[in-house]
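Student: Quick one: this structure, given as structure tokens, is what I'll be asking you about.
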Amino acid sequence: MTWTILVLVVGILLFLFGGMLLPKGDEKKPAAGKIVAKKCITLISIILISGSMCRLYTPFYLTAVNPAIVQEMVTGMQEQQQEEKNKQIRKVVRSEGEQLMRDAPVLGNRDAKKTIYVWTDFSCPYCRRVHGEIERVLADRDDTRVVIKNFSIHGPLSDGPAKAVIAAKLQDPEKAAALTNMLMTRDFYTQDDLKDQSKIAEKVEANVMKMAKEAGLDTEKLKEDMNGEVVARELRNVRDMAQRFEINGTPFLIIGEQAFPGAIPADQIEAALDE
């Protein structure tokens with residue numbers, strides 16, 4: 001702002017007194033060069049004044065006269081960025097869909113034609129909310145499957161459950177889906193568990209194993225598989241895809257070939273599936 005005002009002052013001074021910078025001569029018959037120089041000084045001063053006035057008025061116009069245009073510009077930019085992201089997603093889903101599904105737990109009809117990919121975390125309250133919305137959708141239709149990409153971002157509160165459901169798929173996909181639903185709808189740690197952070201991972205795993213046993217899983221085999229290569233490969237895939245899609249938090253849904261960050265309602269999920 002200071003530099004803009006300074007340029008404006010310089011422009012005004014040039015416009016008013018620029019001719020004084022030129023050498024004096026016969027004013028009745030000025031040389032052609034002097035005439036050209038005066039016109040150039042005048043032109044430069046007008047450019048400086050006009051440019052400065054535009055720079056000074058534009059912020060005032062955007063903030064006071066027509067602030068809605070700023071929102072329109074931001075919205076337009078966001079829509080353009082989202083469209084670019086959707087293009088990337090379309091490319092990846094079409095070429096790497098099998099890799100995205102290979103090791104991940106799947107809810108609903110595993111042979112369905114329509115797919116929802118959801119980056120989620122069992123300890124995220126918004127993920128639990130969107131899980132409920134997804135369950136509403138699956139209850140009404142059998143043409144959709146949900147691929148659970150366990151984006152473990154909350155440390156020991158997330159790691160154990162994420163590894164468990166991936167490992168559970170190696171035993172039985174249906175039981176893996178059942179364990180996923182349990183972990184999304186029940187508490188697998190208490191406030192008392194949080195008091196001793198050094199033991200939280202151990203307590204979370206113990207609670208997860210109780211649910212796994214209830215789901216009919218072999219818990220000893222489950223513990224072994226949780227530290228195996230398949231689980232490690234899936235967690236790498238989740239992180240790699242999150243980086244490619246610029247996913248910084250959960251939940252994040254890909255429905256068909258569109259991205260939906262945040263906990264969206266069932267009707268919006270339905271609409272995206274039907275497009």
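Residue numbers (UniProt numbering): 1 to 275.
Note that the Cβ used here is the ideal one computed from N, Cα and C, for glycine as well.
None of these values were measured; they are calculated from a predicted model.
#1: So is Trp3 buried or exposed if we call it buried at 16+ other beta carbons inside 10 Å?
#2: Whole beta strand (DSSP E) runs in the stretch 85-130 with 3 or more residues, listed along the chain?
#3: Closer than 8 angstroms by C-beta to Val231: which residues in its own chain qualify, once you throw out the five before and the five after it? Chain order, please.
#4: Using only alpha-carbon positions, find the residue among Ile35, Ile41, Val10 that is nearest to Ser52.
#5: With DSSP run on the structure shown, which of helix, strand or coil describes Gln268?
#6: For the alpha helix (DSSP H) holding Ala201, just list the boundary residues, first then last.
#7: Specify the secondary structure class of Ile259 as computed by DSSP and reduced to three states.
#8: Is it buried or exposed, Ala139, if we count other Cβ atoms within 10 angstroms and call 16 or more buried?
#9: What whole-angstrom Cβ distance do Ser146 and Ile116 have, given they're in contact under 8 angstroms?
#10: Within 10 angstroms of the Cβ of Gly160, are there 16 or more other Cβ atoms? Answer buried if so, exposed if not.
#11: Mapping DSSP to helix, strand and coil, what is Ile153?
Tutor: Taking the definition as stated:
#1: Exposed.
#2: 106-108, 114-120
#3: Asp103, Lys163, Ile166, Ala167, Asp225
#4: It is Val10 whose Cα lies nearest to the Cα of Ser52.
#5: helix
#6: 200-214
#7: According to the sequence provided, residue 259 is Ala. The question's Ile does not apply to it. Reduced to three states, the DSSP call for Ala259 is strand.
#8: exposed
#9: One point to set straight first is that residue 146 is Val, not Ser, in the sequence displayed. A Cβ-Cβ distance of about 5 angstroms is found for the pair Val146 and Ile116, placing them in contact under the 8 angstroms criterion.
#10: The residue in question, Gly160, is buried, as its Cβ has 16 or more Cβ neighbours within 10 Å.
#11: coil
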